[in-house]
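The sequence shown begins at 1031 in this note's numbering and counts up by one.
Note that the Cβ used here is the ideal one computed from N, Cα and C, for glycine as well.
To start, the structure under review is shown below, and the notes come after it.
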Amino acid sequence: MKNFNELKKKLLQDKTVKKAYGDLAPQYALIEMITRKRLKAGLSQETLAQKLGTKQSAIARFESGKTNPTLSFLTNITSALNGKLIILVR
């Protein structure tokens, strides 16, 4: 494989992989939105963690997708970034 996109394209040909990838898309989209908001605010993971009263490693685990955050955590992190968490069920 020459690059990530080629590997991704090949892997997504498998129906099981494609479904799993699709199932994770909303989680990674949320992580990306929050991480971008943190970076736009000029905050390090450490500074954001201090605002939340938690450790930098908790922010790193969230941003890497290695944890399944609670609704409370998501509400607190968006609030600390002067944002608002809105959940829409259709």
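Inter-residue distance for Glu1062 and Arg1068 is about 10 angstroms (C-alpha atoms, whole angstroms).
By the neighbour-count criterion, in which 16 or more other beta carbons inside 10 Å mark a residue as buried, Phe1034 falls on the exposed side.
In the structure shown, the three-state DSSP call for Pro1056 is helix. With 16 or more other Cβ atoms inside 10 Å of its own Cβ, Ile1107 counts as buried. Gln1075 is a Cβ neighbour of Ile1089, given a cutoff of 7 angstroms. Residue nearest to Leu1078 within the set Leu1111, Leu1115 and Leu1118 is Leu1111 (criterion: CA-CA distance).
Straight-line measurement puts the Cα of Lys1039 at about 14 angstroms from the Cα of Thr1046.
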